[in-house]
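Asks: Pasting a structure below so you can have a look.
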Amino acid sequence: MKSMYKITLQLQRCARDITNMSQQAVNGISHRGRVLTLDSMNPNVKRVEYAVRGPIVQRAVQIEKELKEGVKKPFTEVIKANIGDAHAMGQKPITFFRQVLALCSYPALLEDSKFPEDAKKRAQRILEACGGHSIGAYSTSQGIECIRQDVARYIEKRDGGIPSNPDNIYLSTGASDAIVTILKLLVCGEGRDRTGVMISIPQYPLYSAALADLGAVQINYYLDEDNCWSLNITELRRALNAAREHCNPRVLCIINPGNPTGQVQSRQCIEDVIRFAKEEHLFLMADEVYQDNVYAEGCQFHSFKKVLFEMGPEYSNTVEMASFHSTSKCYMGECGFRGGYMEVINLDPEVKAQLIKLVSVRLCPPVPGQALLDLVVNPPQPDEPSYATFMKERTAVLSTLAEKARLTEQIFNTVPGITCNPVQGAMYTFPGITLPQKAIDKAKELGLVPDMFYCMRLLEEDGICLVPGSGFGQREGTYHFRMTILPPTDKLKVVLQKIREFHLRFTQEFS
Amino acid sequence: MQVLSSRNVRLLSRGRNEVLAGRSGTQRHGGDPRTRSLTCPPMSSSSSPGRKMSENGIMSRAKVLTIDTMNPTVKKVEYAVRGPIVQRAVELERELSEGMKKPFAEVIKANIGDAHAMGQQPITFFRQVLALCSYPELLSDSTFPEDAKSRACRILQSCGGNSMGAYSASQGIDSVRQDVARYIERRDGGVACDPDNIYLTTGASDGIVTMLKLLVCGEGTTRTGVMIPIPQYPLYSAALAELGAVQIDYFLNEEKCWSLDITELQRAVNEARQYCNPRALCIINPGNPTGQVQSRQCIEDVIRFAAKERLFLMADEVYQDNVYAEGCQFHSFKKVLFEMGPEYAETVELASFHSTSKCYMGECGFRGGYMEIINMDDEVKDQLTKLLSVRLCPPVPGQALMDLVVNPPQPGEPSYGSFIKERTATLSALAEKAKLTEQVLNTVQGISCNPVQGAMYSFPRITIPEKAVKEATEKGQQPDMFYCMKMLEETGICLVPGSGFGQKDGTYHFRMTILPPTDKLKILLNKVKEFHQRFTQQYS
């Protein structure tokens with residue numbers, strides 16, 4: 000009973016934290032005199048929201064600190080299933096990648112016989128492409144040339160031979176960096192002429208955050224939860240037509256495989272999207288960072304670029320597109336290195352010059368991340384000494400992920416009040432949850448969104464950190480959460496079981 | 000392969016679109032090239048928005064994103080340090096490697112403060128630790144010193160899953176921020192530093208742009224104005240253009256060794272109040288591109304000025320370890336602020352920036368850095384943390400490197416001896432090169448160079464003959480761009496024209512790094528000397 004009370008107190012505090020900014024802005028007393036206050040700061044920044052690292056995660060960090068200080072909790076550790084961070088969940092790095100990075104960091108190791116020859120060869124090639132043969136030199140702003148060449152060859156292989164021009168490849172600081180840069184180029188106009196950007200709901204909140212920051216108009220199109228979160232052209236058209244009343248829609252963002260929704264788009268769907276983009280004169284942004292994370296049988300990753308080129312010159316010579324990839328996901332999960340790239344197709348040459356200028360202001364993406372990306376697109380080949388280990392490690396990660404994707408769907412679907420679509424790809428499940436009316440009322444009383452209330456309770460009671468669906472967007476009156484499938488299988492089973500019990504308890508308490 | 004040559008880019012940046020139309024004709028055929036966007040529908044008989052009739056009568060689809068329909072603030076961005084002259088340098092390098100004959104055998108890029116590219120070796124200890132962090136199997140390798148291993152263990156233990164491949168907290172790894180705070184306390188003679196005020200960043204640039212972004216608001220005459228020195232490091236003007244903030248120039252005094260003058264600050268802020276809302280004052284100390292080191296008195300005056308005029312102070316202190324001139328010393332804004340007593344220490348809002356890219360280590364590629372914020376409103380701090388979280392985290396290898404910079408080998412540790420040796424060698428070579436540069440350039444008639452007290456650049460004034468100014472103007476080029484471009488074509492030396500940093504009207508400069516190895520620097524200075532004499536003769 001006592002712990003129940005404490006949890007309620009905690010939730011009230013959290014609700015206060017969330018609302019207090021606006022209140023303090025209203026009474027305006029506390030900060031007179033400061034140059035920079037909430038009232039005098041960039042209003043666009045205030046509108047930015049990023050749930051994946053929002054209040055619930057801040058509370059999780061606090062709880063971890065409390066646990067360390069010996070505060071008693073109904074659990075012994077916080078499990079952060081809020082973010083797709085494979086290494087944090089115990090996944091081991093790919094040996095070959097890290098060997099090459101060590102060699103690049105400290106080239107004296109090139110003399111060390113413990114390192115395989117192929118790792119040394121890769122490291123030498125990367126170092127030779129660096130200024131002064133050091134990863135401590137700035138690279139060109141677009142990224143190291145030989146790495147962009149390797150990326151282009153990788154894309155060609157992936158897409159069955161469709162040519163890729165290294166000049167169209169831009170290395171980036173994670174995929175986020177490139178996505179924000181392209182959005183930045185696209186935003187212009189005022190009032191009804193302001194650029195509108197179509198994003199899926201649910202979405203990865205980088206998009207809504209970047210659009211708020213840039214002052215662009217967010218145009219929501221809803222994925223069809225009843226059809227495995229598939230994308231529906233009729234819905235795209237509805238959203239677009241409605242948006243034309245108040246802004247100038249110029250961009251369509253697609254996340255495939257989906258985040259947070261985990262669906263993998265069919266070839267047909269992608270073709271329809273491309274046709275739609277051409278017809279409606281939209282710039283296509285294809286977020287394909289989960290391209291190697293496809294688990295469901297019968298599903299396959301089709302790159303937008305490949306489909307575009309297979310549709311013939313009418314499309315491949317005209318539709319403007321940017322596709323994004325990253326070192327943070329797939330089988331390697333190297334988030335900390337902030338590596339990534341984008342490929343641009345049919346970008347106006349003058350705009351390209353502007354893009355190069357814009358990225359040059361930030362000098363260059365981190366070179367260790369560039370080196371890592373090079374390894375991802377150019378891994379050990381069958382005749383090289385590290386091939387076998389590499390394949391073993393890679394396959395182990397991907398097959399475990401596939402198993403965990405299935406497991407998650409299965410267990411959730413045994414819980415009354417939770418419905419979970421198959422996790423066809425990516426790293427998350429985004430189940431719908433039924434919340435009793437009383438819980439919804441209670442949340443409102445606390446000033447919390449109902450699924451935030453739910454997730455906060457789960458965190459306080461079980462130490463499991465999820466992200467409420469409201470952080471990604473969802474149809475009104477529906478509630479969800481996002482959970483990664485990344486914890487090790489044993490732990491994942493425990494997590495799923497705990498959520499199951501929590502959900503039953505929660506439902507009972509509020510019914 | 001190149002879609003656009005650097006020449007096109009150069010011309011484009013000046014709006015000479017007609018040249019482009021001639022060179023990449025597929026994009027623009029006859030008619031009015033400005034009728035291709037949705038926002039300005041074509042006036043011609045084209046049947047649907049976004050389409051235009053090309054000369055041969057075939058319907059070609061206009062692009063969604065064109066120079067006319069892109070973000071106008073991005074178009075205003077300029078960044079000379081990697082501008083047209085550097086693009087031409089890259090082209091020349093390619094031509095040389097393809098065997099083309101040039102009046103020089105190699106291109107020397109003295110345009111950017113990139114120590115490793117100029118042959119400086121990394122600090123052994125730093126790279127050992129980074130190798131250990133990258134591939135922890137090496138922790139059992141007896142060839143690595145124990146202090147490197149214990150640093151690596153400490154860093155790995157504060158990473159998620161003990162891996163540099165995990166995201167860190169958006170503000171940066173806790174233990175690294177603690178080390179930064181202790182480093183600042185040591186630097187500032189014990190003035191307290193709270194790790195909660197430290198934010199790790201992706202190079203200093205990232206921190207600077209983030210702070211500016213927070214500060215920008217208002218419209219018209221209430222639009223945020225930001226005071227920056229002229230000459231300035233063009234990151235500032237680029238960021239302000241992109242954010243649509245008002246740039247307020249205050250001029251450094253070239254006659255007094257590029258010093259900062261409060262009267263000039265006052266003039267600039269008073270004038271700016273007529274048309275914008277000045278809210279921030281940016282200081283670069285030691286100066287880039289100007290190399291001056293500010294006196295303690297000057298810093299005190301600046302702080303008093305900022306307090307009086309209610310300005311947020313941004314102190315770019317990335318060259319804090321690069322001070323060469325005798326009698327000069329680095330004083331951090333924070334230390335001076337706190338020594339001025341609570342009246343200032345408790346009120347003046349300050350952000351100070353540092354980086355792993357400069358100093359003695361010159362590790363630019365890792366994009367490591369931090370900022371410390373003082374007296375920032377708590378609510379704004381929450382907003383800052385939120386804003387940073389969208390980009391997840393600064394690169395973790397850069398954070399690890401930052402940790403080593405602020406927590407290097409200590410006396411008594413096995414790597415201390417070689418660390419100090421490497422560090423001292425770099426810094427004393429830099430001091431020598433700073434002196435050498437000033438000396439040699441000042442022997443040239445028509446070049447006058449202030450002492451390079453600190454940082455990594457010289458920014459000499461050059462006299463350009465009237466005839467050359469005229470020819471440049473005819474070509475639509477800035478005279479010092481014309482000068483630098485000619486020097487590049489004739490000698491292979493890549494400098495940045497002063498116009499890229501800003502300068503008093505009618506004066507001309509270039510920025511040159513002092514980073515090439517001493518032997519090479521001597522040759523380079525001599526070539527610059529000969530070029531200048533040739534150039535002057537040719538146009539007189």
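Respectively, the protein sequence lines represent chains A and B. Its first residue numbered 0, the first sequence is counted upward by one per residue in numbering that gives the first Met the number 0. Its first residue numbered 0, the second sequence is counted upward by one per residue in numbering that gives the first Met the number 0. Glycine included, each C-beta is placed from N, C-alpha and C at the ideal position.
1. Distance check for B:D146 and B:E412, CA to CA, integer angstroms please.
2. Just to confirm the assignment: which complete alpha helix (DSSP H) runs, minimum length 4, are found wholly within the stretch 121 to 175 of chain B?
3. Taking just the CA atoms, how far does B:C152 sit from B:P408?
4. Measuring alpha carbon to alpha carbon, tell me which residue in A:N81, A:L213, A:A438, A:F308 is nearest A:N41.
5. Between which two residues does the alpha helix (DSSP H) containing A:Q473 stretch?
6. Quick check: what's the CA-CA separation for B:F125 versus B:V179?
7. First and last residue of the beta strand (DSSP E) that includes B:C281?
8. Tell whether a beta-carbon distance below 8 Å holds between A:L239 and A:E279.
9. Starting from A:F282, find everything on chain B with Cβ-Cβ shorter than 9 Å and list it in chain order.
10. Between A:I333 and chain B, is there a C-beta pair that is closer than 8 Å?
11. Can you check which of these residues, B:A165, B:D320, B:L383, is closest to B:D205 by C-alpha distance?
12. To the nearest angstrom, how far is it from the Cα of A:P201 to the Cα of A:E127?
13. Please list the residues of the stretch 365 to 387 of chain B that have a C-beta atom closer than 8 Å to any C-beta atom in chain A, keeping them in chain order.
14. Given a limit of 8 Å on CB to CB distance, which residues of the stretch 353 to 382 of chain A reach chain B?
15. In chain A, which residues lie with their C-beta within 8 Å of the C-beta of B:F311?
16. For the ligand MN, any of its heavy atoms closer than 7 Å to the Cβ of B:K380?
17. For A:F282, which three-state DSSP category applies?
18. When the Cα of B:Q564 is compared with those of B:T462, B:S96, B:Q502, which residue comes out closest?
19. Evaluate B:N196 with the Cβ neighbour count: other Cβ atoms within 10 Å of its Cβ, from every protein chain shown; 16 or more gives buried, anything less gives exposed.
20. Just checking, does the stretch 84 to 96 of chain B make contact with the stretch 486 to 495 of chain B on the three C-beta pairs under 8 Å criterion?
21. Counting Cβ pairs, one atom from each stretch, are 3 or more of them under 8 Å apart for the stretch 415 to 424 of chain A and the stretch 251 to 260 of chain A?
22. State the CB to CB distance for the pair A:F282 and A:E342, rounded to an integer number of angstroms; the pair is presumed to be in contact (CB under 8 Å).
23. Are there 16 or more other CB atoms within 10 angstroms of the CB of A:Q507, so buried, or fewer, so exposed?
24. Taking a Cβ distance cut-off of 8 Å, strictly less, list which residues of the stretch 155 to 182 of chain B are near chain A, in chain order.
25. When you compare the CB of A:K492 with every CB in chain B, is at least one pair closer than 8 Å?
26. Give a yes or no on whether 8 Å exceeds the smallest Cβ distance from A:R97 to chain B.
27. For B:Y549, count neighbouring C-beta atoms within 10 Å of its own C-beta (all shown protein chains included) and say buried if the count is 16 or more, exposed if not.
28. Between A:N219 and A:G472, is the Cβ-Cβ spacing less than 8 Å?
29. Does B:K519 have its Cβ less than 8 Å from a Cβ in chain A?
30. Mind the definition here: the stretch 59 to 76 of chain B touches the stretch 458 to 474 of chain B only if three or more C-beta pairs lie below 8 Å; say whether that holds.
31. For a cutoff of 8 Å on Cβ pairs, would you count A:P42 as touching chain B?
32. When we look at the beta-carbon of B:E105 and count the other beta-carbons within 10 Å, is it buried (16 or more) or exposed?
33. Run through chain B and tell me which residues come within less than 8 Å of A:S322, C-beta to C-beta.
34. Quick check: the Cα distance between B:Q291 and B:G497, rounded to an integer number of angstroms?
35. Tell me which residues of the stretch 410 to 426 of chain B have at least one Cβ-Cβ distance to chain A shorter than 9 Å, keeping chain order.
36. Pairs of beta-carbons, one from the stretch 359 to 369 of chain A and one from the stretch 130 to 148 of chain A, closer than 8 Å: are there three or more?
Replies: Walking through what the data contain:
1. For B:E412 and B:D146, the distance between alpha carbons rounds to 6 Å.
2. Along the stretch 121 to 175 of chain B, the alpha helix (DSSP H) occurs as fully enclosed runs of 4 or more residues at 123 to 133, 145 to 156, listed in sequence order.
3. One C-alpha to the other measures close to 15 Å.
4. Between A:N41 and the set A:N81, A:L213, A:A438, A:F308, the nearest pair of CA atoms involves A:L213.
5. No residue range can be given for A:Q473, since it is assigned to no alpha helix (DSSP H) and is classified by DSSP as neither H nor E.
6. Per the coordinates, the alpha-carbon of B:F125 lies some 16 Å from the alpha-carbon of B:V179.
7. Run containing B:C281: 276 to 283, per the beta strand (DSSP E) assignment.
8. For A:L239 and A:E279, yes; Cβs fall inside 8 Å.
9. Residues of chain B whose Cβ lies closer than 9 Å to the Cβ of A:F282 are, in chain order, K62, V63, L64.
10. A quick correction: the sequence has Glu, not Ile, at residue 333 of chain A. Yes, A:E333 lies at the interface with chain B (some Cβ there is under 8 Å from its Cβ).
11. Checked all of B:A165, B:D320, B:L383; the closest Cα to B:D205 is B:L383.
12. Spanning the two alpha carbons is a distance of roughly 44 Å.
13. Under the 8 Å Cβ criterion, the stretch 365 to 387 of chain B contributes F365, R366, N374, M375, D376, E378, V379, D381, Q382, K385, L386.
14. With the criterion set as a beta carbon lying under 8 Å from some beta carbon of chain B, the members of the stretch 353 to 382 of chain A are Q353, I355, K356, L357, S359, V360, R361, L362, C363, P364, P365, V366, P367, G368, in sequence order.
15. Residues of chain A passing the Cβ test: V34, L35.
16. Ligands are entirely absent from the displayed structure, and the ligand MN is therefore not among its contents.
17. Strand, per DSSP.
18. Only positions 0 to 539 of chain B appear in this structure, which leaves residue 564 of chain B out of reach.
19. With 16 or more other Cβ atoms inside 10 Å of its own Cβ, B:N196 counts as buried.
20. For the pair of segments examined, the stretch 84 to 96 of chain B was found to touch the stretch 486 to 495 of chain B: the number of CB pairs separated by less than 8 Å reaches three.
21. Yes: the two stretches touch, three or more of their Cβ pairs being nearer than 8 Å.
22. About 14 Å; that fails the 8 Å criterion.
23. Classification of A:Q507: exposed, given that the 10 Å Cβ count is below 16.
24. Within the stretch 155 to 182 of chain B, the qualifying residues are C158, G159, G160, S162, M163, G164, A165, Y166, S167, A168, S169.
25. False, the Cβ-Cβ gap to chain B never drops below 8 Å.
26. Output row for A:R97: interface = yes.
27. Look at the range of chain B in this structure, 0 to 539, and you will see that residue 549 of chain B is not part of it.
28. Yes, they are a contact pair.
29. At least 8 Å separates the CB of B:K519 from every CB of chain A.
30. Too few Cβ pairs lie closer than 8 Å, so no.
31. Using a Cβ-Cβ cut-off of 8 Å, A:P42 counts as an interface residue toward chain B, since at least one Cβ of chain B sits closer than that to its own.
32. Within a 10 Å sphere around the beta-carbon of B:E105 sit fewer than 16 other beta-carbons, which makes this residue exposed.
33. Neighbours of A:S322 in chain B, taken as residues at a C-beta separation under 8 Å, are lacking, since the least C-beta distance is about 15 Å.
34. Cα to Cα, the separation comes out at about 16 Å.
35. Residues: none.
36. Touching, per the Cβ criterion.
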